[in-house]
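Chemist: For the sequence shown, position 206 (counting from the first letter as 1) is numbered 206 according to UniProt numbering, and the numbering increases by one without interruption.
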Amino acid sequence: MKTPIEVFAPAKINLTLHVTGLRSDGYHLLDSLVGFADVGDRVILEPASKLSLRVTGPMAEGVPEDARNLCWRAAQAFGATVAITLEKHLPAAAGIGGGSSDAAAVLRGLQQMYDAPVPFDPMDLGADLPVCMLARAARMSGVGEQVAPADLPPLHAVLANPRVAVPTSAVFKALPGKNNPPMAALPAFSSARDSLRWLQDQRNDLEAPAISLQPVIEELLKQLSFLEGQWLTRMSGSGATCFALFETAGQAELGARDLRANNPDWWIEHCELT
Ligand code: ATP
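1. Going by DSSP, which residues form a beta bridge with A244?
2. Which of the three DSSP states, helix, strand or coil, is assigned to G98?
3. Are there 16 or more other CB atoms within 10 angstroms of the CB of N69, so buried, or fewer, so exposed?
4. Taking A92 and A165 to be in contact with their CB atoms under 8 Å, please state how far apart those CB atoms are, rounded to whole angstroms.
5. Examine the ligand ATP and report whether any of its heavy atoms sits within less than 6 Å of the Cβ of C132.
6. Using a Cβ-Cβ distance cut-off of 7 Å, determine whether P176 contacts chain C.
7. Might you give, ordered along the chain, the residues of its own chain that have their beta carbon closer than 8 Å to the beta carbon of G142, omitting 5 neighbours on each side?
8. Grab me the residues of S195's own chain with a C-beta within less than 8 Å of its C-beta, minus the 5 sequence neighbours each way, in chain order.
9. Give me the Cα-Cα distance between W72 and L51, rounded to the nearest whole angstrom.
10. Secondary structure at E61, three-state DSSP: helix, strand or coil?
11. If V147 and L134 are in contact, beta carbons under 8 Å, what's the gap, nearest whole angstrom?
12. With contact counted as at least three CB pairs below 8 Å, one residue from each stretch, are the region 232-240 and the region 108-119 in contact?
13. Report back the beta-carbon spacing between A9 and D102 to the nearest angstrom; my notes put them in contact at under 8 Å.
14. What is the residue span of the alpha helix (DSSP H) that Q250 lies within?
15. Measuring CA to CA, which of E253, G99, G177 is closest to V131?
16. For a test of the three-state rule: what should DSSP assign to E269, helix, strand or coil?
17. If you follow the alpha helix (DSSP H) that E202 is part of, which residue opens it and which one closes it?
18. Under three-state DSSP, which class holds Q214?
19. Which first and last residues belong to the beta strand (DSSP E) in which P149 is found?
20. Can the beta-carbon of A252 be found less than 7 Å from the beta-carbon of N161?
21. Going by the CB atoms, is the gap between G35 and A137 shorter than 7 Å?
22. Output the distance between the C-alpha atoms of L129 and I84, rounded to the nearest integer angstrom.
23. Among residues of its own chain, excluding the 5 on either side of A94, which ones have a beta-carbon nearer than 6 Å to its beta-carbon?
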């Protein structure tokens, strides 16, 4: 086996998010179409005599380097002694699954390093783990344990975060109705345009409660809606990252450039979603 092992941890984007119920144990039932971006974090694993974690990269500030980090917990639960380097490119607490995607990347890397399956249910580390283990477009439901791969034509996006952290639990608390209807059946999309049209009619139930906590999200969605060529704008997860979708990579690239010009302090990327 060649070491170190490098694994990409893509941003997880909730293209739709319906909150369909609340279980008696406090977990929310969700129905969400998820896509993965070609922007993300990078995880590097090296065999070592004990478990360690170092966080580097442009978004490292404030990210814990101990058992509070999901990467650490993933390696510990695997029973691995590895030196982990986490290169953070995604903002934390941003609704794009940073911690879950990183932990899934650690588990994929350890599977490869030890040539062994994950010896526990990834769901134990969080509701987004199963879909992040798949790391390709999927419909997730239940409390996150049901994951069905979805055929989604590649879409182009601008991702933007106004650099405010939104705690997921506060957003769920601020959501008035927890029993919203599930998503319509996923059609077989014949083109990117076809899927964009369908997505326009969907929603993220957490958008309004997140805006009530962080009004800057409304401003961000407004600015995304002004970008030329965008088909729809929406928030991902519990925010504050929002996205605009485009048919072509060129439109997304120009959109990101225009948004950056007006908001130099925001985190803004253009990407392909698959
Ligand atoms: P989502 O709602 O899309 O699942 P999230 O918004 O909960 O993602 P995370 O980036 O997972 O966002 O961060 C949530 C909290 O978890 C952060 O405040 C951070 O302290 C902690 N955390 C644990 N592990 C990580 C990690 N690998 N990267 C970033 N934050 C992490």
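Yeah, the Cβ is synthetic: ideal placement off N, Cα and C, and Gly gets one too.
Modeler: Well, looking at it:
1. V158, T233
2. In the structure shown, G98 sits in a helix (DSSP, three-state: H, G or I).
3. buried
4. 7 Å
5. no
6. As a matter of chain content, chain C is missing from the structure shown, which is built from one protein chain.
7. L29, L30
8. L152, P153, L155, F189
9. 8 Å
10. coil
11. 6 Å
12. Contact between the region 232-240 and the region 108-119 is not established, with fewer than three Cβ pairs separated by less than 8 Å.
13. 5 Å
14. Before going on, a small fix: residue 250 reads as Gly here, not Gln. Unbroken alpha helix (DSSP H) run through G250: 249-262.
15. G99
16. Strand.
17. A small correction: the amino acid at residue 202 is Gln; Glu does not occupy that position in the sequence shown. Note, Q202: premise wrong, no alpha helix (DSSP H); not H, not E.
18. coil
19. 146-149
20. No, they are not a contact pair.
21. yes
22. Cα to Cα, L129 sits roughly 18 Å from I84.
23. N161, T241
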